[in-house]
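Shown next, in structure tokens, is the structure this report addresses.
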Amino acid sequence: MAPGGDEPAPWGVTARTHRTTRRNQVLPTTPSPARRAALAGATALSALAATALGAVGALPAAAAPPAAPFVSEVHYDNDGADTGEFVEVQLPPGTSSAGLSVVLYNGSGGAVYDTDALPLVTAPADAPAVAVVDYPANGVQNGSPDGIALVRGSEVLELLSYEGVLTATNGPAAGRTSTDIGVAEAGSEPAGQSLSRTYDAAADALVWSGPAPATRGAVNPGGGTGPEEPPVGDPCAATPTHQVGAVQGSGDATPLAGSTVRVRGTVVGDVEGLSGFYLQDADGDGDPATSDGVFVFEPGAQVDLGDEVAVTGEAEEYFAQTQVSADRVEVCADGTAADLPAPAALDLPAGDAERERLEGMLVAPADALTVSEVYDLTSFGELTLSEGGLLVQPTEVARPGEAAEAVAAQGALRSIVLDDAVSSRVSVTTLPYLTPQTPVRVGDALRFTAPLVLGYGFDAWRLQPADGTAEGTFAPQDTRPEAPEPVGGDLRVGAFNVLNYFLTREEPGRGARTDAEFEQQAAKVVSALGGLDAEVVTLMEIEDTDSTGLTPGDADTAVADLVARLNAAAGGRVWAYSPFPQELYGVERDVIRNAIIYKRAAVRPVGAPVGLVDETVWSNAREPVAQTFKARGDTFTVVANHFKSKGGTGTGDNADNGQGAYNGDRVRQAASLDAFLDRLVRSTGDPDVVSLGDYNAYTREDPIDLLEREGLVDLGSALDPGRYSYVFEALSGSLDHALATRAMAAKVTGATHWNINSVESSAYQYSGDEALFAPDPYRSSDHDPLVVGVDLQGGPARALPTGRASGGSWVHPQERVAYVAGHLVNTGRAPVSVRMLTAYGDTTARTVQPGAAVYLTRSTGLADLPPGSATLQVRATVRGAAVQSLYRVDHPGRSAAGA
Numbered sequence: 001m002a003p004g005g006d007e008p009a010p011w012g013v014t015a016r017t018h019r020t021t022r023r024n025q026v027l028p029t030t031p032s033p034a035r036r037a038a039l040a041g042a043t044a045l046s047a048l049a050a051t052a053l054g055a056v057g058a059l060p061a062a063a064a065p066p067a068a069p070f071v072s073e074v075h076y077d078n079d080g081a082d083t084g085e086f087v088e089v090q091l092p093p094g095t096s097s098a099g100l101s102v103v104l105y106n107g108s109g110g111a112v113y114d115t116d117a118l119p120l121v122t123a124p125a126d127a128p129a130v131a132v133v134d135y136p137a138n139g140v141q142n143g144s145p146d147g148i149a150l151v152r153g154s155e156v157l158e159l160l161s162y163e164g165v166l167t168a169t170n171g172p173a174a175g176r177t178s179t180d181i182g183v184a185e186a187g188s189e190p191a192g193q194s195l196s197r198t199y200d201a202a203a204d205a206l207v208w209s210g211p212a213p214a215t216r217g218a219v220n221p222g223g224g225t226g227p228e229e230p231p232v233g234d235p236c237a238a239t240p241t242h243q244v245g246a247v248q249g250s251g252d253a254t255p256l257a258g259s260t261v262r263v264r265g266t267v268v269g270d271v272e273g274l275s276g277f278y279l280q281d282a283d284g285d286g287d288p289a290t291s292d293g294v295f296v297f298e299p300g301a302q303v304d305l306g307d308e309v310a311v312t313g314e315a316e317e318y319f320a321q322t323q324v325s326a327d328r329v330e331v332c333a334d335g336t337a338a339d340l341p342a343p344a345a346l347d348l349p350a351g352d353a354e355r356e357r358l359e360g361m362l363v364a365p366a367d368a369l370t371v372s373e374v375y376d377l378t379s380f381g382e383l384t385l386s387e388g389g390l391l392v393q394p395t396e397v398a399r400p401g402e403a404a405e406a407v408a409a410q411g412a413l414r415s416i417v418l419d420d421a422v423s424s425r426v427s428v429t430t431l432p433y434l435t436p437q438t439p440v441r442v443g444d445a446l447r448f449t450a451p452l453v454l455g456y457g458f459d460a461w462r463l464q465p466a467d468g469t470a471e472g473t474f475a476p477q478d479t480r481p482e483a484p485e486p487v488g489g490d491l492r493v494g495a496f497n498v499l500n501y502f503l504t505r506e507e508p509g510r511g512a513r514t515d516a517e518f519e520q521q522a523a524k525v526v527s528a529l530g531g532l533d534a535e536v537v538t539l540m541e542i543e544d545t546d547s548t549g550l551t552p553g554d555a556d557t558a559v560a561d562l563v564a565r566l567n568a569a570a571g572g573r574v575w576a577y578s579p580f581p582q583e584l585y586g587v588e589r590d591v592i593r594n595a596i597i598y599k600r601a602a603v604r605p606v607g608a609p610v611g612l613v614d615e616t617v618w619s620n621a622r623e624p625v626a627q628t629f630k631a632r633g634d635t636f637t638v639v640a641n642h643f644k645s646k647g648g649t650g651t652g653d654n655a656d657n658g659q660g661a662y663n664g665d666r667v668r669q670a671a672s673l674d675a676f677l678d679r680l681v682r683s684t685g686d687p688d689v690v691s692l693g694d695y696n697a698y699t700r701e702d703p704i705d706l707l708e709r710e711g712l713v714d715l716g717s718a719l720d721p722g723r724y725s726y727v728f729e730a731l732s733g734s735l736d737h738a739l740a741t742r743a744m745a746a747k748v749t750g751a752t753h754w755n756i757n758s759v760e761s762s763a764y765q766y767s768g769d770e771a772l773f774a775p776d777p778y779r780s781s782d783h784d785p786l787v788v789g790v791d792l793q794g795g796p797a798r799a800l801p802t803g804r805a806s807g808g809s810w811v812h813p814q815e816r817v818a819y820v821a822g823h824l825v826n827t828g829r830a831p832v833s834v835r836m837l838t839a840y841g842d843t844t845a846r847t848v849q850p851g852a853a854v855y856l857t858r859s860t861g862l863a864d865l866p867p868g869s870a871t872l873q874v875r876a877t878v879r880g881a882a883v884q885s886l887y888r889v890d891h892p893g894r895s896a897a898g899a
């Protein structure tokens, strides 16, 4: 378990005997776990240990073995079939084996392969005893190397190996490197031999020997009482051997690893859930390159925030965080939170070097932090936060390659984890930061109301609540939108991925596993579709009941079920669905499909639905389906689609090139879709087509780029910049798009993402935490729905406004912030109104006469601007009707540091 991080395995923390004392209490010193392991090795290691111990005058030159249990004998290999294998552990006088276990490690990969609790044995008050775990045949692996960890609860007392050295990769010793015992069984000895460990008084150390006849179950000769370790004097009266800054050092690791240190400071993080506390030298060492805080590993430490504490222990790096593994902790003066030092400013963006200077210290973010990820709340109690707004998928705002890599690098500097100061996995009864009334969501700007400590663990910098509890860390809020933003128009068309809406429970079903779960799922989907308030909706990830075999010959059973539920909620026959195209029954299909539903009173289907049949392209995706509608005298066509996912490992042009796996197939699907749309325009005689769905491609990736180059307009990114439909690994982006022909785009009045799903914790999902479930639209899926407003007009087509557009960016020399710029020349014959839409806000509209130009700028508020794009919205009035053209313009990244 790593201080400052969350252990991914579901084992908890069992506190060892408390060694924390208040002034005037007497308690003998016990060696740290790391030092125990060092002293338990060969004789040569004892000299190193003695050198480290000699750094404190009151400590002895060497430590005695009986201070803690230790592995005293082992047998793992003999001639022929291995037999009679065992691991023996010696217990100090007056102690028991309760809570002790032997964990066996495989040297090939460093993973645990067996765990066994010791049988209960109690040693008499005046003599040691032994406890033995037996492995009758072939239970202990034969080395080259393999390892044995002696563990109390979750505390590793020692990690030994034979026939080489290993590094544990999981289990209680994860991240630790073993000590080779220096002797081995060759496998040629007869059964009944073993390797044993005895106390060598001359060397003042435990020493391994053998193979020799086994003494299983008996205390080894010389294994009794060694010289007593004299008590250390009052640490509070003694001068510290080092300042905390010296323990931290100016690099990325402590320069005192393996040394015994005595440090003193204020408790700034009382994090019992991480098996220790954070200690900070309130005065500091005056060196800005070194941190004045450090983590103290001491499970069950009896300290409080603000206490002045003296700590004696061993300096070490554990999972890349500097810590002192405590032998003795003494509270020199009681304190309270009012005694905490002023927090240091944590100014993001910042790299590892800048953060190292604050590791273990009380900090306060210099800027507002935005929630960018909530996924790990339900596993590890973590939120990913970011400075300067959301973390965005690099290929959402930049083309794959160097531009996207620059966005990713900047995002890494802006991000940090907010943890819950607990190392064990959370459960449905201990979810931090989540309640039915105050959900925390991606996009929320947090206002912190309690002090924080900066730590490191599991490959991430982490803010830990200083008081060790998640409650009260930031001000609660509820930013859930009750309805989508208005999009105008007299008709709305939406897209919604319904997250495996299946009537089939078992395989090949992919959704709810019980009827009760399905009823909850359906309630949320119905609520979301009702709130979307669209007259036509494309659906993705709904069961193809013909493919699953639920209703052979009828792919529409699940769609019909959903429509029936929508009608029940609406109180009448409000909704209908477009039947599954007949031509698609003849192809091999996925168990999920695309569908189109609509409101009867708003639109009327024209002709039969059409499916795209081309299994050379669509065999690994969901075939597009189309339906032409008529409303208010105007005809238009809606297409539902769902491209191949990014998962898996492809080859050739399907290998991940920064756009996920199977990008080549998605490009071919985009080309096929474009040709399909052209055929629909010809067959219907109407150019108004909008294609909505889950393209599994972010906005600047090849499939969307191809469709835009063919003349389609990405309505979501153009008209709703800065809002997205999906969150993956703390990065927001749009996999879901509404792409319209130029003729259709001219009639579009607005588009918006309704952020009700991707930004929410899965704990609110139908399969999440029962205590948080509500039959509302929130977390009804993992994708957000998209809705487009359309102003339908009958009559002949109207000419669209035209222009020459370009983009750019620059840094204001005084403000030191970046600006996005857009330039448009009106090449039409009528005045136009031009507005620039950006992820950082929109400009006011400017009127541009024919032949004239306009230059628009917008401050981003950022000192470091990633590459990206903006949209120039060009509107005109033709024959009394409003029409528009949308031009996407790219801008390069800018940095105030380079200005």
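At position 332 of the sequence shown (counting the first as 1) the number is 332 in UniProt numbering, and the numbers step up by one without a gap.
Cβ coordinates follow ideal geometry from the N, Cα and C atoms, glycine included.
Taking 8 Å as the upper bound for CB-CB distance, V690 and V493 are in contact here, some 6 Å apart.
With respect to the C-alpha of A697, the residue from G807, P400, A218, A131 having the closest C-alpha is P400. In summary, P211 is buried, with 16 or more beta-carbon neighbours lying within 10 Å of its beta-carbon over all protein chains present. Cβ neighbours of R462 within its own chain (closer than 6 Å, five residues either side excluded): G4, V417, D419, G455.
In the three-state DSSP reduction, I756 falls in the coil class, being neither helix nor strand.
R875 has S833, Q884 as its beta-bridge partners, per DSSP.
Cβ-Cβ separation between T215 and E73: approximately 7 Å, consistent with a contact (criterion under 8 Å).
Annotation for R480: no beta strand (DSSP E) segment contains it, and DSSP assigns it neither H nor E.
The C-alpha of E354 lies about 35 Å from the C-alpha of S717. The straight-line gap separating the alpha-carbon atoms of G187 and L104 is approximately 19 Å.
Contact between the segment 92-107 and the segment 160-168 is present: three or more C-beta pairs spanning the two stretches fall below 8 Å. L206 is bridged by DSSP to Y199. Pairwise C-beta distances place the segment 612-619 out of contact with the segment 595-604, as fewer than three of them are shorter than 8 Å.
Out of P451, C332, D367, the CA that lies nearest to the CA of S415 is found in D367.
The C-beta distance from L358 to L792 rounds to 58 Å, too long to meet the 8 Å contact threshold.
For the pair R176 and V151, the CB atoms are not nearer than the 8 Å cut-off. Sequence-distant Cβ neighbours of T395 in its own chain, meaning closer than 7 Å and more than five residues away, are A404, G658, Q659, Y698, R700, E701.
Assigned with DSSP and collapsed to three states, F728 falls in strand. G411: member of the alpha helix (DSSP H) spanning 402-414, first to last residue.
Of all C-beta pairs linking the segment 731-746 to the segment 474-482, fewer than three are shorter than 8 Å, placing the two stretches out of contact. In terms of Cβ geometry, S895 and A863 form a close pair [threshold 8 Å]. In the structure shown, V156 falls within a strand segment according to DSSP collapsed to helix, strand and coil. S683 counts as exposed, since fewer than 16 other beta carbons sit within 10 angstroms of its beta carbon.
Here DSSP, grouped into helix, strand and coil, assigns V603 to coil. At least 8 Å separates the beta-carbon of A799 from that of V874. With fewer than 16 other Cβ atoms from the protein chains shown falling within 10 Å of its own Cβ, A338 counts as exposed. With respect to the 8 Å criterion, N500 and R510 are classified as neighbours on the basis of their beta carbons. For A246, the uninterrupted alpha helix (DSSP H) segment begins and ends at 244-248. Judged by beta-carbon spacing, G411 lies within the 8 Å limit of L391, meaning their Cβ atoms are closer than that value. The shortest CA-to-CA distance from G468 to any of P255, S372, V268 is the one to V268. Pairwise C-beta distances place the segment 762-775 in contact with the segment 519-530, as three or more of them are shorter than 8 Å. Counted as a single uninterrupted DSSP element, the stretch harbouring S97 is not any alpha helix (DSSP H), since DSSP gives it neither H nor E.
Beta-bridge partners assigned by DSSP to V690: V638, A740.
Here Q321 is buried: its Cβ has 16 or more other Cβ atoms, across all protein chains shown, within 10 Å. Residue pairing by DSSP places S379 opposite no residue, since no beta bridge is assigned to it. Under DSSP, R846 takes part in a beta bridge, and its partners are V834.
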